[in-house]
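The structure appears below as structure tokens.
There are 2 protein chains.
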Amino acid sequence: MVDKSAKRNVRASSSGRATLDDIAAKLGISSITVSRAFRNPGKVAEELRERIIKVADELGYVRNRAASTLASARSMNIAVIIPSLSNAVFVDILNGIDKILRPRGYQMLLGVSHYSSEEEDALVRAYLAFDPDGIILPSLNYREATRHLLEKTGVPVVHLMELSDQPHVHCVGFSQEAAGKTMTQHLLAKGYKRIAFVASQLDSRTLARGRGYRDALVEAGLYDQKRELMVPDPSSIALGGRLLQRLLQQAPDTDAAFFCNDDLAQGALFECARQQISVPAQLAIAGFNDLSASASTVPSLTTIATPRFDIGVQGANMLLSLIEHQKVNRSTIDLGFELKPRESA
Amino acid sequence: MVDKSAKRNVRASSSGRATLDDIAAKLGISSITVSRAFRNPGKVAEELRERIIKVADELGYVRNRAASTLASARSMNIAVIIPSLSNAVFVDILNGIDKILRPRGYQMLLGVSHYSSEEEDALVRAYLAFDPDGIILPSLNYREATRHLLEKTGVPVVHLMELSDQPHVHCVGFSQEAAGKTMTQHLLAKGYKRIAFVASQLDSRTLARGRGYRDALVEAGLYDQKRELMVPDPSSIALGGRLLQRLLQQAPDTDAAFFCNDDLAQGALFECARQQISVPAQLAIAGFNDLSASASTVPSLTTIATPRFDIGVQGANMLLSLIEHQKVNRSTIDLGFELKPRESA
DNA sequence: CCAAACAATGTTAGCGCTGTCATTATGCTT
DNA sequence: AAGCATAATGACAGCGCTAACATTGTTTGG
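So the protein sequences, as listed, match chains C and X. According to our numbering, the first sequence is numbered sequentially starting from 1. According to our numbering, the second sequence is numbered sequentially starting from 1001.
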């Protein structure tokens, strides 16, 4: 006769943490009642609930999400995958997302892909393992394997930043292309004729802005390929300075430079200060995104303000609607953008 | 007689995702073998493993981490709680942490406390529910409830950024106070006599830098309280400009201003450019952290370089040692800092 | 005053996976 | 040839929790 209870503790109970059963045993009640005391307080008698909470605190009880997820088939996790944390754009989006998800009891799981589609793929896989109730992704284009996996598992997905015209794709953003075009047209309206476009990182959003730029210049009959400077390196303020130098070698008569984001543009402003190029008299400079610093630079930076926080908020709301099987009015929400004319152009 | 199998599917199997059992059934083998094929490939015959992987791909199988965590009492999760994502300092630390954890199969769970100890407390609680194998925290001081919880659960904890002399506290960082003192002494050595300290956010690290500043000036017999400007607002470039204005009202004869971080200092540089105050001739400016932009500003910014990435790397390594019950040589690692004298002072 | 509704708690089973301990087949040593 | 190690697979139980249903006791409406 082997004593069953002897076999009990062969396996490490998860680091000896207190469980619902521990609390229940101490109070001589059943564990389901303890569970209810936390999840459904109204269903447990006031007085008993207080005693449960007291014992729970004494024991340092923390609920085990893995067990809860497994039992309820609801993880309350939302996976969010973004390309970079060094880019304030995505941080703003995250804050928007978090503002909606946290109060509703969802836990955001954050993945950073470093602008690599391989990593993106790996992250989707890794976070699907957390059994998320939904996923938020930062772009529209994924590798076939990723799309296949997402379809198979059937998890609701919302895409941010860009717009899609496909029927079953849910997205919140604005037209990057239109924004690029708007800025270029603004520069044209200001009388600039030899307008350059300088870009780095070259993700799909950057490329879309470039298309908008090209469009506007072609329409105006002023497009010149030598004024396009695009490099794959990650954006930074220092890179903005270097690219300005290269641009001025490559096309010295340029009278306005449209940088694909504010980081590069700020670096260019510094480089101009260093080289004593007066902005905008000798060279106009424009950026994209309206980061918080861009209103403070000298000269202040002409740019396009993008509704990043709102994209996060509305994206999260759309995802919650999908999760709770409510109807989603529109599968695409265009939040637009705003031209910010300032001193630099 | 109730048909047992009829009762089977009453509960939603987690969104109908494929399970190990599904794969096993399809191949006429047992699920434990499928599990081994993924976790312990050497233990399963080559040929069988290939068939398993093929079927898994077909079904879009993704392992269920909740189940795995529950069964193995090892979550492979590491909770990391930081005060802010808008601050490049913490992003650099995260990159360091991730570099170590990812290849070892750990999943980093990120929480942002917005510099609030209430939120910090709530986050510790929320992430303990993920049954983390370890926790990385950004400071040393926690509310009693948090400390109590961490002790009760016995999860290994590593603190970053600051140093502690307490025996059982594990931390990786540098002395914020010494760094503040070093910068102040550098300014003194450069001949500045009326040195101000401007700070925002006022977390424990900022305050420690302030103590270093005060120390140095008191020792030099040059301390003057009216040159200390400290506000609780979150740091930003715009705030740096405003604080410079206030400082110059409050103490117009100041000849050097030490800002508690580079964001503020950069804002001050812009404000000087705007007001045509020449830096460093009329006013010297110094920052802290050596953010990537700080070498590119005009004039370039004198600052203290902090080993952020390395703090992340070494912190993560220390935590892994604790988790795997290896001996940890030192419970405190001081990574130092480096003065970066540049044009602004 | 009784049936029906409700409030408070309990019983049972199972979510998907893995630790532990078999079991069987195969090779290898002396 | 006997004995033993090793390789490949399987059976079983249980991690901590919760959905579904069951069981009490108590209230309420007519």
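Note that beta-carbon positions come from the ideal geometry of N, C-alpha and C, so glycine has one too.
Next item on the list: List the endpoints of the continuous beta strand (DSSP E) containing D334 of chain C.
Entry: To locate residue 334 of chain C, count along the first sequence from 1; it is residue 334. Counting along the chain, the beta strand (DSSP E) containing D334 of chain C begins and ends at 332 to 334.
Checklist line | Rounded C-alpha distance that separates L222 of chain C from P341 of chain C | finding: Here residue 222 of chain C is taken as the residue at index 222 of the first sequence, counted from 1. Here residue 341 of chain C is taken as the residue at index 341 of the first sequence, counted from 1. In a straight line, the C-alpha of L222 of chain C is about 22 Å away from that of P341 of chain C.
Note to self: So A1216 of chain X and Q1176 of chain X are supposed to be a Cβ contact under 8 Å. How far apart are they, rounded?
What the structure shows: Residue numbering aside, residue 1216 of chain X sits at position 216 when the second sequence is read from its first letter. Residue numbering aside, residue 1176 of chain X sits at position 176 when the second sequence is read from its first letter. 14 Å between Cβ atoms; not a contact.
Check: Should M108 of chain C and D92 of chain C be called a contact, given that it needs their Cβ atoms to be closer than 7 Å?
Finding: Taking the first residue of the first sequence as 1, we reach residue 108 of chain C at position 108. Taking the first residue of the first sequence as 1, we reach residue 92 of chain C at position 92. No. Outside cutoff.
Note to self: For a quick check, are the C-beta atoms of I1135 of chain X and A1079 of chain X less than 7 Å apart?
What the structure shows: In the second sequence, the residue the question calls residue 1135 of chain X occupies position 135. In the second sequence, the residue the question calls residue 1079 of chain X occupies position 79. Cβ atoms of I1135 of chain X and A1079 of chain X: closer than 7 Å.
Next item on the list: Please classify G173 of chain C: does DSSP put it in a helix, a strand, or coil?
Entry: Position 173 of the first sequence, counting from 1, holds the residue named residue 173 of chain C. G173 of chain C falls in the strand class under three-state DSSP.
Check: In chain order, what residues of the same chain have a beta carbon less than 6 Å from the beta carbon of A256 of chain C, not counting five sequence neighbours either side?
Finding: For this step, residue 256 of chain C is matched to residue 256 along the first sequence. Only L187, Y192, I195, A284 meet the Cβ criterion.
Check: Along chain C, in chain order, which residues have C-beta atoms closer than 8 Å to that of S1113 of chain X?
Finding: Working through the second sequence from its first residue, we reach residue 1113 of chain X at position 113. Within chain C, no residue comes near S1113 of chain X; the closest Cβ sits about 12 Å away, beyond 8 Å.
Notebook entry, point to check: How about Y115 of chain C and D57 of chain C: do their beta carbons lie closer than 7 Å?
Noted result: Counting from one through the first sequence, the residue named residue 115 of chain C turns up at place 115. Counting from one through the first sequence, the residue named residue 57 of chain C turns up at place 57. Cβ distance not < 7 Å, so Y115 of chain C and D57 of chain C don't count as in contact.
Next item on the list: Spatial neighbours of G1336 of chain X within its chain, please: CB distance less than 6 Å, with the 5 preceding and 5 following residues excluded, ordered by chain position.
Entry: Position 336 of the second sequence, counted from the start, is the residue given in the question as residue 1336 of chain X. For G1336 of chain X, where only same-chain residues beyond five positions count, the Cβ hits under 6 Å are F1174.
Note to self: Alpha carbons only, please: which of X:L1229, X:R1211, X:T1254 is nearest the one belonging to R1242 of chain X?
What the structure shows: Sequence index remark: in the second sequence, residue 1242 of chain X carries index 242 (1-based). R1242 of chain X has its Cα closest to that of X:L1229, out of X:L1229, X:R1211, X:T1254.
Next item on the list: Using a Cβ cut-off of 7 Å (strictly closer), state whether K380 of chain C contacts chain X.
Entry: Limits of chain C in this structure are 1 at one end and 345 at the other, which puts residue 380 of chain C out of reach.
Checklist line | Inter-stretch contact at 8 Å, needing at least 3 Cβ pairs: the segment 1314 to 1321 of chain X / the segment 1253 to 1269 of chain X | finding: no
Next item on the list: May I ask which residues mark the beginning and end of the beta strand (DSSP E) holding T1303 of chain X?
Entry: For the purposes of this step, residue 1303 of chain X is identified with residue 303 of the second sequence, where counting begins at 1. 1303 to 1305 is the span of the beta strand (DSSP E), which, as asked, contains T1303 of chain X.
Item checked: Cβ contact (3+ pairs, closer than 8 Å) linking the segment 58 to 66 of chain C and the segment 1117 to 1129 of chain X -> yes
Check: So what does DSSP say about M1108 of chain X, is it helix, strand or coil?
Finding: As a working mapping, residue 1108 of chain X is identified with position 108 in the second sequence. In the structure shown, M1108 of chain X sits in a strand (DSSP, three-state: E or B).
Note to self: Determine, for R246 of chain C, whether the minimum Cβ-Cβ distance to residues of chain X falls below 7 Å.
What the structure shows: Reading the first sequence from its first residue, position 246 is the one you call residue 246 of chain C. Not an interface residue.
Checklist line | Beta-carbon proximity of G1210 of chain X to A1199 of chain X, cut-off 7 Å | finding: Taking the first residue of the second sequence as position 1, residue 1210 of chain X is located at position 210. Taking the first residue of the second sequence as position 1, residue 1199 of chain X is located at position 199. For G1210 of chain X and A1199 of chain X, yes; Cβs fall inside 7 Å.
Notebook entry, point to check: Since V80 of chain C sits in a beta bridge, which residues does DSSP pair it with?
Noted result: Counted from its first residue, the first sequence places residue 80 of chain C at position 80. C:L110, C:I136, per the DSSP bridge assignment.
Check: Does DSSP put K1340 of chain X in a helix, in a strand, or in coil?
Finding: Working through the second sequence from its first residue, we reach residue 1340 of chain X at position 340. Three-state result, K1340 of chain X: strand.
Notebook entry, point to check: Should D131 of chain C and T69 of chain C be called a contact, given that it needs their Cβ atoms to be closer than 7 Å?
Noted result: Translated into the one-based positions of the first sequence, residue 131 of chain C becomes position 131. Translated into the one-based positions of the first sequence, residue 69 of chain C becomes position 69. Cβ atoms of D131 of chain C and T69 of chain C: closer than 7 Å.
Check: Name the DSSP bridge partner or partners of N289 of chain C?
Finding: The residue labelled residue 289 of chain C in the question sits at position 289 within the first sequence. DSSP lists C:A305 as partners of N289 of chain C.
Checklist line | H148 of chain C: first and last residue of the uninterrupted alpha helix (DSSP H) it sits in | finding: Numbered from its first residue, the first sequence carries residue 148 of chain C at position 148. Segment 144 to 153, the alpha helix (DSSP H) holding H148 of chain C.
Check: Quick one, are the C-beta atoms of G1060 of chain X and S296 of chain C less than 7 Å apart?
Finding: For the purposes of this step, residue 1060 of chain X is taken as residue 60 along the second sequence, with counting starting at 1. For the purposes of this step, residue 296 of chain C is taken as residue 296 along the first sequence, with counting starting at 1. No, the Cβ-Cβ distance between G1060 of chain X and S296 of chain C is not below 7 Å.
Note to self: Counting only Cβ-Cβ distances shorter than 9 Å, please list the residues of the segment 219 to 244 of chain C near chain X, keeping chain order.
What the structure shows: S236, I237, A238, G240, G241
Notebook entry, point to check: Identify the residues that DSSP records as bridge partners of I1195 of chain X: which are they?
Noted result: Position 195 of the second sequence, counted from the first residue, corresponds to residue 1195 of chain X. According to DSSP, I1195 of chain X bridges with X:A1256.
Check: E152 of chain C versus chain X: which residues are under 7 Å apart at the beta carbon?
Finding: Position 152 of the first sequence, counted from the start, is the residue given in the question as residue 152 of chain C. The residue you asked about is not Glu; residue 152 of chain C is Lys in the sequence shown. The answer, in chain order, is G1060.
Margin query: Check this for me: beta carbons of I1081 of chain X and V1313 of chain X, under 7 Å apart or not?
Written below: For the purposes of this step, residue 1081 of chain X is taken as residue 81 along the second sequence, with counting starting at 1. For the purposes of this step, residue 1313 of chain X is taken as residue 313 along the second sequence, with counting starting at 1. Cβ distance not < 7 Å, so I1081 of chain X and V1313 of chain X don't count as in contact.
Check: In three-state terms, what does DSSP make of V1218 of chain X?
Finding: The residue labelled residue 1218 of chain X in the question sits at position 218 within the second sequence. Helix, per DSSP.
Next item on the list: Could you tell me the distance, in whole angstroms, from the CA atom of V1169 of chain X to the CA atom of L264 of chain C?
Entry: Looking up residue 1169 of chain X in the second sequence gives position 169. Looking up residue 264 of chain C in the first sequence gives position 264. Their Cα atoms are separated by approximately 42 Å.
Check: Does DSSP classify L1283 of chain X as helix, strand or coil?
Finding: Residue mapping note: residue 1283 of chain X aligns to position 283 of the second sequence, counting from 1. Note: L1283 of chain X maps to coil in three-state DSSP.
Margin query: Less than 7 Å between CB atoms is the rule here; does N261 of chain C satisfy it with respect to chain X?
Written below: To locate residue 261 of chain C, count along the first sequence from 1; it is residue 261. Chain X contact via Cβ: absent.
Checklist line | Which of helix, strand or coil DSSP assigns to M1001 of chain X | finding: Taking the second sequence and counting its residues from 1, one reaches residue 1001 of chain X at position 1. Caution applies to M1001 of chain X, whose pLDDT of 29 falls short of 50 and renders its modelled position unreliable; the value that the coordinates give is listed next. Residue state, collapsed to three classes: coil.
Note to self: Only counting the same chain, and skipping five residues up and downstream in sequence, which positions put a Cβ closer than 6 Å to that of D1310 of chain X?
What the structure shows: Sequence index remark: in the second sequence, residue 1310 of chain X carries index 310 (1-based). Hits under 6 Å: L1335.
Check: In the structure shown, what three-state DSSP assignment does L163 of chain C receive?
Finding: Position 163 of the first sequence, counted from the first residue, corresponds to residue 163 of chain C. Looking at L163 of chain C - three-state DSSP - the assignment turns out to be coil, as it is neither helix nor strand.
Notebook entry, point to check: In three-state terms, what does DSSP make of N1329 of chain X?
Noted result: The residue you call residue 1329 of chain X lines up with position 329 of the second sequence. Coil at N1329 of chain X, not helix or strand.
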